[in-house]
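For reference, the structure discussed in these notes is given below.
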Amino acid sequence: MRFAFTFFLLGWASLTHAGDKLTVASLSTVLTDIAQNVGGDRVEVTDIIKPGIDPHDFQPSPGDIKKLSDAQVILGSGLGFEGYLDKLRASVGRGPVFVVVGDSIKPIMVDEDHAGHDHGHSNGEHGKMADPHWWHSIANAKVATRVIRDAFVAADPSDKAVFEANAKVYLAKLDELAKWAKIEIARLPKDRRVLVTSHDALGYFARDYGFEIHPVEGVSTGDQPSSKRIRELIAEIKAEGVKAIFAENIENPKVLGEITKETGARLGGTLYADGLGTTEADTYDAMIRHNVQSIVKALE
2 MRFAFTFFLL GWASLTHAGD KLTVASLSTV LTDIAQNVGG DRVEVTDIIK PGIDPHDFQP
62 SPGDIKKLSD AQVILGSGLG FEGYLDKLRA SVGRGPVFVV VGDSIKPIMV DEDHAGHDHG
122 HSNGEHGKMA DPHWWHSIAN AKVATRVIRD AFVAADPSDK AVFEANAKVY LAKLDELAKW
182 AKIEIARLPK DRRVLVTSHD ALGYFARDYG FEIHPVEGVS TGDQPSSKRI RELIAEIKAE
242 GVKAIFAENI ENPKVLGEIT KETGARLGGT LYADGLGTTE ADTYDAMIRH NVQSIVKALE
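In my numbering, the protein residues as written are 2 to 301.
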């Protein structure tokens, strides 16, 4: 399978000298973790987006622009998640190579009216937009691993064997994670696979494991729900007998308290939707395990 990269340069050439580390700047905590696993001690990864930061609200500072300009490879999630990406390309110049992982992933398309407007995410067909939260599918994380592996090999052919070996190990780890998640979620009856979340970020997870999602907000944390939407959501929760609703690590909307009060559902814990955390979900593997365990425990 060929993977589509978004590059600043028209062609690839080796960007490093023998013995030098490949310098990488990442616009995603998930991509930072994957890059470190694939690159090992042959890459130096700068995390522009850090754990606990809401990427929906992020705008690169002049200091960030400098770090990005100095990198040889820039990793982005794509599918419109970084609404500033086009401006960033113009700001950093023609030096770094942009690798946009979402270019290699077939997105879930959602209704714009359902997701909210002015979100900055990419539009697809008329009235539809791409869900940019692709990392909640482990299969997509495997695609990202291969994309990053190939990008690192192209940028630094002298370390090809290292990158390929590291990627092989990490892909095997993701296979084990996928098997574990499938077994854990099998404990949850299908009629209880209903997720009420702060915003609509778990669409790929829901697709992979047969969940129905009722988000309070749209695909962006800035898509504030209307009073009508809240009333509809309360009615849906009551009708389906949902046992628990979930907050997110980067925000805890006050509206969740209103919903629990009106429906009798309890808070089922905190999920990591837009990226990694600093302790319990500080790697991609840990994030998936935390989310799966929290969901199963609260809904079974």
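Even glycine gets a Cβ: it sits at the ideal position worked out from N, Cα and C.
**Prompt:** So, helix, strand or coil for VAL195, using DSSP?
**Reply:** Sequence index remark: in the sequence shown, residue 195 carries index 194 (1-based). The answer is strand: DSSP assigns VAL195 an E or B state.
**Item:** Member of ASP112, ILE75, GLY94 whose CA lies at the smallest distance from the CA of VAL100
**Value:** For this step, residue 100 is matched to residue 99 along the sequence shown. When the alpha-carbon of VAL100 is set against those of ASP112, ILE75, GLY94, the nearest one is in ILE75.
**Message:** Can you determine whether any heavy atom of the ligand SAH sits closer than 7 Å to the C-beta of VAL195, and answer yes or no?
**Reply:** The ligand SAH is not part of the structure shown, which contains no ligands of any sort.
**Asked** Between PHE59 and the rest of its own chain, which residues show a CB-CB distance below 7 Å, the 5 nearest in sequence each way excluded?
**Response** The residue you call residue 59 lines up with position 58 of the sequence shown. Excluding residues within five positions, the ones whose Cβ falls inside 7 Å are ILE50.
**Asked** Taking contact to mean at least 3 C-beta pairs separated by less than 8 Å, is the region 86-99 in contact with the region 36-54?
**Response** Segments in contact, no.
**Prompt:** For GLY269 versus ILE246, is the C-beta spacing smaller than 8 Å?
**Reply:** By one-based count along the sequence shown, residue 269 stands at place 268. By one-based count along the sequence shown, residue 246 stands at place 245. With respect to ILE246, GLY269 sits close: the two C-beta atoms are nearer than 8 Å.
**Residue range of the beta strand (DSSP E) that includes ILE75** = As a first step, residue 75 must be located in the sequence shown, where it is residue number 74. Counting along the chain, the beta strand (DSSP E) containing ILE75 begins and ends at 74-77.
**Proximity below 8 Å, CB of ALA166 to CB of ILE35** = As a first step, residue 166 must be located in the sequence shown, where it is residue number 165. As a first step, residue 35 must be located in the sequence shown, where it is residue number 34. No, Cβ-Cβ distance for ALA166 and ILE35 is not below 8 Å.
**Request:** Quick one: grab the DSSP three-state call for ARG95.
**Result:** As a position in the sequence shown, residue 95 is number 94, starting the count at 1. Under the three-state reduction of DSSP, ARG95 is assigned to coil, being neither helix nor strand.
**Message:** Buried or exposed for GLU83, going by 16 or more other Cβ atoms inside 10 Å?
**Reply:** Counting from one through the sequence shown, the residue named residue 83 turns up at place 82. Counting Cβ neighbours within 10 Å, GLU83 comes out buried, since at least 16 surround it.
**Item:** Complete alpha helix (DSSP H) runs within the region 224-248 (minimum length 4 residues, chain order)
**Value:** DSSP runs (the alpha helix (DSSP H)) wholly in the region 224-248: 228-241.
**Prompt:** How close, in whole Å, do the beta carbons of PRO97 and SER62 come, if the pair is a contact with beta carbons under 8 Å?
**Reply:** To locate residue 97, count along the sequence shown from 1; it is residue 96. To locate residue 62, count along the sequence shown from 1; it is residue 61. Actually they are not in contact, since the Cβ atoms of PRO97 and SER62 sit about 17 Å apart, beyond 8 Å.
**Prompt:** Should ARG150 go down as buried or exposed, given a rule of 16 or more other Cβ atoms within 10 Å for buried?
**Reply:** Counting from 1 along the sequence shown, the entry for residue 150 is found at position 149. With 16 or more Cβ atoms within 10 Å of its Cβ, ARG150 is classed as buried.
**Request:** Check whether the region 228-241 touches the region 260-275, taking contact to mean three or more Cβ pairs, one atom from each stretch, closer than 8 Å.
**Result:** These segments touch.
**Item:** Buried/exposed call for PRO190, threshold 16 Cβ in 10 Å
**Value:** For the purposes of this step, residue 190 is identified with residue 189 of the sequence shown, where counting begins at 1. Exposed is the call here.
**Request:** Give a yes or no on whether 8 Å exceeds the smallest Cβ distance from SER227 to chain D.
**Result:** The question asks about chain D, but that chain is absent: this structure has only one protein chain.
**Request:** Could you tell me if ILE184 is buried or exposed, where buried requires 16 or more neighbouring beta carbons within 10 angstroms of its beta carbon?
**Result:** To locate residue 184, count along the sequence shown from 1; it is residue 183. A residue is called buried when at least 16 other Cβ atoms come within 10 angstroms of its Cβ; ILE184 does not meet this threshold and is exposed.
**Item:** Limits of the unbroken beta strand (DSSP E) element including ALA131
**Value:** Position 130 of the sequence shown, counted from the first residue, corresponds to residue 131. Segment 129-131, the beta strand (DSSP E) holding ALA131.
**Message:** Measuring alpha carbon to alpha carbon, tell me which residue in THR198, LEU257, VAL25 is nearest ASN292.
**Reply:** Your numbering for residue 292 matches position 291 in the sequence shown. Looking at the Cα atoms, THR198 is the closest of the given residues.
**Request:** Hey, could you find the ends of the alpha helix (DSSP H) VAL25 is sitting in?
**Result:** For this step, residue 25 is matched to residue 24 along the sequence shown. No alpha helix (DSSP H) contains VAL25, which is instead part of the beta strand (DSSP E) from 23-27.
**Exposure of TYR85, with buried meaning 16 or more beta-carbon neighbours within 10 Å** = Mapped onto the sequence shown, residue 85 falls at position 84. Answer is exposed; the Cβ neighbour count stays below 16.
**Item:** Alpha-carbon to alpha-carbon, ALA287 and ALA182
**Value:** In the sequence shown, residue 182 corresponds to position 181, counting from 1. In the sequence shown, residue 287 corresponds to position 286, counting from 1. Cα to Cα, the separation comes out at about 12 Å.
**Request:** Under 8 Å by Cβ, that's how I've got TYR205 and ILE296 pegged, so tell me the actual separation to the nearest angstrom.
**Result:** In the sequence shown, the residue the question calls residue 205 occupies position 204. In the sequence shown, the residue the question calls residue 296 occupies position 295. 14 Å between Cβ atoms; not a contact.
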